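Chains as they are written, first to last, in our numbering: chain A, 24 to 511; chain B, 214 to 848; chain C, 0 to 99; chain D, 3 to 190. The structure appears right after this line, and notes come after that.
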Amino acid sequence: MTPVPAPQLIALDWWALGAVIALSAGAMLLLLLEFVPAKPGSSRAAVLSLLTLAISAAAVFVARDARRSIFDGMFVHDGFTVFFTLLFCAIGAVSVLLSWDYVRRTGIHHAEYYVLLLCATLGMIVMAASNDLITIFVGLELMSLGLYVLVGFRRAHLESNEAALKYFLLGAFASGFLLYGIALLYGATGTTSLTRMAAFLSESPLRGNPMFVAGGLLLLTGFAFKVAAVPFHMWTPDAYDGAPTSVTAFMSAGAKAAGFAALLRVGLTALGGMPAEWGPILSAIAILTMTVGNVTALLQTNLKRMLAYSSIAHAGYILVALVAGGRDGASAALFYLAVYSFMNLGAFGIVTMLGRGREERVLVSDLAGLGFRQPLVGLAMTVFMISLGGIPPTAGFMGKVYVFKVALGAGLVPLVIIGVLNSVVSVFYYLRVTVALYMQEPQGEPTEVSWAAPAVVALLVTLALTLWWGIQAHDLLLEAQRSVMGLL
Amino acid sequence: MLWLIPALPLAAVLLNLLVGGRLGRKGVGWLACGAVGLAFLVALRAVLRLAALPEAQRTVTDTVYTWMRVGDFSADVSFLLDPLSAVMALVVTGVGFLIHVYSTGYMAHDASYRRFFLYLNLFMFAMLTLVMADNFLLMFVGWEGVGLCSYLLIGFWYTRPSAAEAGKKAFIVNRIGDVGFILGMLILFAWGGSLNYARLFAVAPHVFAVGSTVITTATLLLFLGATGKSAQLPLYTWLPDAMEGPTPVSALIHAATMVTAGVYMVARTHVLFQLAPVSLQTVAWIGAATAVFAASIGLAQNDIKRVLAYSTVSQLGYMFMACGVGAFTAGIFHLMTHAFFKALLFLGAGSVIHALSDEQDLRRMGGLAPRLPWTHATMLVATLAIAGIPPFAGFFSKDEILSSAFASGNTAVWILGLAGVVMTAFYMFRLYILAFRGQPRLSHEAEHHLHESPPSMIVPLAVLAALSVLGGLVGPPMQEGGHAFARWLAPVFAGGEHAAAAHHAVPMAVEWGLIALSVVVALAGIGLAFRVYLQDPGAATRLRERLSGLHRTLLHKYWVDELYDATAVRFVHGTARSFWRFWDTKVVDGAVNGVGYVFEGFSAVLRLFQTGFVGTYALFFTLGVAALFLHLLRH
Amino acid sequence: MIPISWSLALSAVLFVIGVIGVLVRRNALVIFMSIELMLNAANLAFVAFSRDMQSLDGQVFVFFVMTVAAAEVAVGLAIIVNMFRLRETVFVDEINLLKG
Amino acid sequence: MIAPALFAVFAAIAVVSALSVILQRNPVTSALFLVVTFCSLAGIYLVLHAEFIGMVQVIVYAGAIMVLFLFVIMYLNLGRDIETGLQIALRRGVGWLMGFALLAAGVALFRHPWAAGPPAPPGPPVGNTQAIGLLLYSRYLFPFEVTSMLLLVAMVGVVVIARGRRAPGPAADLPPGAATGAEPRGDA
């Protein structure tokens, strides 16, 4: 029995763990505060959530240059962690702002909503910040459980419940595969720690060892489910469609980023870049994901479903970066994820604002003529659509340029060509939204917009970032590269 | 200070967005025109400074900032002023300014006045970015930007279903072209390692062997992009439909500037095209074919703007023809003169339409000359210019293209070009006669409201008319060492202009012969038009009946009449119509729609998989896992 | 000493039985039970490896999996109960409002 | 010699009862067979010298989780599943086929030579509860703490989703019937 030393934390570690501590504490505080009745319609929970997320981000930001491996690598604090923690906090904050009014008007204004949102964010951070498969698994489950409940939060609502059931059953099913994959990897390498796995592999590369390869593949399957890659994507449209729209916004950005974060960390740290066997597999998945996502989106009339398929397609573009592999590929993926998160949050954010009171308007045709009646909504939606379609001068364009550039550098010309064709196809359905906004007259009752200050703030922030990163992408790119370089 | 040129219209856009509501109509108009006018002045100053530099150093770049830098790859927002982009910048800002001024009058009564100038300024920004970019990526930004603005402006009167439909068509066709552009760009980057013009062109001769598959593919793909933007076969159909937009838009975007972007791109990348003879041949043939084809369709159109639209397609064909035979200077020269006279034609047509309370059908015009004296005079100048009558601007540039084609040995291309000249002269004078001469065929209401346009519209017409007369004088033929315009562009096309060398290989006498021939051909077209449309068109039929029993010497005349009845009237009209009806509306539209249907079909099939049942989803998940394992087993 | 291949084989068989259960059953509760079966198969593999390598990490992992499974079961059953309340059914092939 | 025999017996029981779980029409029977599977797995854990896990398996899985399952089945008062009809037969066929395909792929894959992890250090088998406890509170402290949040989420989640039919306070959600009508669906 080798004695294991008790973990020793230095002061810096507390800063590094700040996000985790703050989010846990914030979630519990929110629950405890339920004992103190608030005024009806109080924004206490939302404000506290924002505060918690701000503190989390600040703590990690303070320690952004530190490189620490805490609890024997169960929690690592490196550039990668900092990047994703800040991203998740931002996603969480924007989601809180979008939820602020939405949860009230749809009748799900409970403190638990924010508790779950904070916990899911915590799960994402844990997924991105760990060098051990155990912690990654626990983080993933923490995120997933939170999301299952959030998706089904409108519990008297048939669609919401149906979405939760589908997401839950398939999510648990996928977890089974993921877990079996981890078991096989553990069997092949004797450890669940990514760094030790890397050390073991450098001594005895397990090329062709069925246990190792199969384990890796099953692991990939599990993460592919979370990022909604074809053919593990089928839950996505239904879950996104049925969930409360603010939750859809949150999960479409956060869960995908978290899935990719874990995949990247496992790939880069443990497997020393993506293993060679994965190349063709990832390529095939990337091609399928882009194509199926974009083509299926073409005929969608429901905005949420359309954006769901679009989010599948975007996972495909990010997979192209992963196929390219190496640090360049990883930094392209990080860059794209950040860009994607905000433009997608913005697009879903607008959907949260459509309709008054309990009424929700989610059809593309509901946008008819809205561009003139509500110029801000029209302008913002147009920018998000242009960006999602990868048209300059928006962030989405820069994301695609960088991903394709990296892929070309890795000699993946066919993959890039398919990617380009796909992004051209995608413009057609993004454009339909713009056409509806500016070139159609509403049939029947025109859509009202529920204006609320927090949602407008969220909209402006996402809009500004989408434009800013389209014009000045360099800083974010440097940040993404630095994050990948500092991988512990 | 180069960045100021595109930045000025952009600033106007932002100001319009922010405070446009408080400025009122007049303020918005002043803002829009002022920004573009100022941009013109800045561009002029920059070009004068450029001209002061020694010839070899006439390249100024202005890097605003770095967009992204990854290792050896860098994308800069960086502007380039060399003789080529100088010409483009001056044309775009100059003609753009005039059209802005004209629009203040033309759109005066439109409810969406502010939105119109917003789009128009945004277009100027994008177009200037396109022509002044110093790398492909930034050019692509402008390329997409002008496409977006074009789309917005075609659908400007979106309540008309035809306008929305036309916008959609333009968009789809342009996206097909864009695929080519993007893929071409990717290939250039993958092999050439850079998207910066200077760097790429410097390494190109070392990286790409002459005639190699890579460079041929890349240039053909780029050319596909150009055919989309510049409305060449087979991607031209969107342009005639684009006439749904307001007329100043047709003048600015769909005649003078945006549609020439493809020509500019080919000229800009001439270094690459010259490495790919097959691509150059393709460019020449597509250009020549489009020139004739579109002209023939133009013969039978009755909508004044559609005639001009097909004429634009045809003239763009000439520019590509020039590039294809290696005479890039001639192509850019024609681009410039065309910008003057075609903008003038559209603005004149707009003035007519404006005067007739939105009547666009040539059959309901006629006899307008005395009623609209200014419009008539300027239109006549433009018509003479496009027909290629000396000393109007179009003559010089078109003649240079034709003699370059002849000199390059592409006789077939040259003959096609000549055929285009006669048709151009014919249909343009048909338009002129039907609109301005003969008996008025106006509706009562149009007659009642008939008025000459306000000065804000007439002044730009007059300026453009002056340019259409004088613009060609910068490039008279047969100058020792090339004419002034060629000398100006020489630093850009230096070493590449093999046609220029060939040009002088043609003896002086042949040169004169060619000039005479093209003028005679143009005059023949004009004469035919007067004959058919002004002197009673029924004459042909009656003459034939009367002559049937006459002297054998008259048979020859009969034969001529019959010929012209069969060819010029029935045959040409018939062919043009069937071309338009069948090819245009069935084949090309069908193909465009077909692509859409195929994808929608796929989409419908894929949606079937999304059954909504958890069982199905789990099954596909498992199938995915099984497929992955099968893949493993194969290794 | 049990050969590792025995345990692995058993674990694989149990895992596949679980997968089949998910694919063939229409009762959400039974599907869920099948998923539990898959998790247990993975647990068995962990324990077997742990035994084989004389390392406790695998067993600790199983401990975590059990905790996670317990949490998952609670949430999953809540969702299923809620579904039954809303629609009076637990059959997954009777719920497809969301599709296409 | 006794260990392999025990393993074989437990394995046989586990496989048979697992098959019964997915073959039985009555969910209660399925659940009970699942308990049997879990218990035989616990036996196998004991054979593999994982005493702690074996005990936890019985207490947590067989004891807590399955009781929850049974409770829900009883609460919902479910009868036998009706599993007839072409569609269900088809699905069953495809499902079994997929399962066997997966198994066959696994078998084929593992016929290659393979090594399970680093060679075991010599010594007595490890696996006592004390050692696991030490590990949990040292090396695995962080995931252990995160798990506590996981349990918190589960508790909150269950309360949110399954609390009484009566919706709380002014923020009442719509009744089920009205909810479907109120929301226009594009893909109808």
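From the three backbone atoms N, C-alpha and C, an ideal C-beta is built for every residue, glycine too. Predicted, not measured: the structure shown is a model, and the values here were computed from it.
Spatial neighbours of Ile218(B) in its own chain (CB-CB distance under 8 Å, excluding positions within 5 residues in sequence) are listed in chain order as Ala252, Val255, Ala256, Ala259, Phe292, Ala302, Thr306, Leu341 and Met345. The C-alpha of Met157(D) lies about 60 Å from the C-alpha of Gly441(B).
In terms of beta-carbon proximity, Ala70(C) lines the interface with chain D, with at least one pair separated by less than 7 Å. If you check the CB distance, Met534(B) and Ala497(B) come in under 7 Å. The three-state reading of DSSP puts Thr503(B) in helix, counting H, G and I together. The Cβ neighbour count for Pro267(A), taken over all protein chains shown within 10 Å, is at least 16; the residue is labelled buried. Contact residues of the region 33 to 46 of chain C toward chain D are Ser33, Glu35, Leu36, Asn39, Asn42, Leu43 and Val46 (C-beta to C-beta distance below 8 Å). Residue-level contact check: Met65(C) touches chain D, since one or more beta carbons of chain D fall below 7 Å from its beta carbon. Nearest in C-alpha terms to Gly49(A), of all of Ile33(A), Ala309(A) and Ala134(A), is Ala134(A). Taking Thr432(B) as the centre and dropping the five residues before and after it, the same chain places the C-beta of Leu485, Phe486, Ala489 and Ser492 closer than 6 Å to its C-beta, in chain order. In the DSSP assignment, Asn325(A) forms a beta bridge with Leu386(A).
With 16 or more neighbouring CB atoms inside 10 Å of its own CB, Met376(A) falls in the buried class. In terms of beta-carbon proximity, Arg820(B) lines the interface with chain C, with at least one pair separated by less than 7 Å. Interface residue (Cβ-Cβ distance to chain B less than 7 Å): Ala103(D) is classified as such. Shown here, Trp123(A) sits in a helix according to DSSP, grouped into three states. Taking 7 Å as the upper bound on Cβ-Cβ separation, chain D lies near residues Gly828 and Leu832 of the region 809 to 834 of chain B. If you check the CB distance, Phe144(D) and Met220(A) do not come in under 7 Å. A Cβ-Cβ distance of about 15 Å is found for the pair Asn184(A) and Gly194(A), leaving them out of contact under the 8 Å criterion. Contacts with chain A (Cβ-Cβ distance below 9 Å) from the region 12 to 28 of chain C involve Phe14, Gly17, Val18, Val21 and Ala27, listed in chain order.
Look at the beta carbons and you see the region 101 to 114 of chain A touching the region 359 to 379 of chain A: at least three pairs across the two are nearer than 8 Å. DSSP places Val38(D) within a helical segment (H, G or I) once states are collapsed to three. The region 448 to 455 of chain B makes no contact with the region 399 to 408 of chain B; the number of CB pairs closer than 8 Å stays below 3. Here DSSP, grouped into helix, strand and coil, assigns Ile1(C) to coil. Neighbours of Arg93(D) across chain B, judged by C-beta separation under 7 Å: Gly828. Interface with chain C (7 Å Cβ-Cβ cutoff): Glu226(A) is excluded. Take the alpha-carbon of Ala5(D) and the one of Thr149(D): they are about 34 Å apart.
Straight-line spacing of the CA atoms in Ala632(B) and Gly695(B) works out to 27 Å. Chain D places a beta carbon closer than 7 Å to that of Phe842(B), counting this residue as a contact. In this structure, Tyr171(A) lies near Ala187(A), with their beta-carbon atoms less than 7 Å apart. The beta carbon of Phe107(A) lies closer than 6 Å to those of Ala151 and Ala284 in the same chain, with the five residues before and after it left out. Counted as a single uninterrupted DSSP element, the beta strand (DSSP E) harbouring Leu293(B) occupies residues Phe286 to Leu294.
Think of a sphere of 7 Å around the beta carbon of Leu111(D): the chain B residues whose beta carbon falls inside it are Phe842, Leu845 and Leu846, in chain order.
The beta carbon of Val64(C) sits closer than 8 Å to those of Leu38, Ala41, Asn42 and Phe45, all from its chain and outside the five residues before and after it, given in chain order. Taking CB atoms only, Ala496(A) has a neighbour in chain B less than 7 Å away.
Excluding five sequence positions before and after Glu164(A), the CB atoms of its chain that fall closer than 8 Å to its own CB belong to Gly146 and Ser198, given in chain order.
With respect to Leu581(B), Asn515(B) sits apart: the two C-beta atoms are not nearer than 7 Å.
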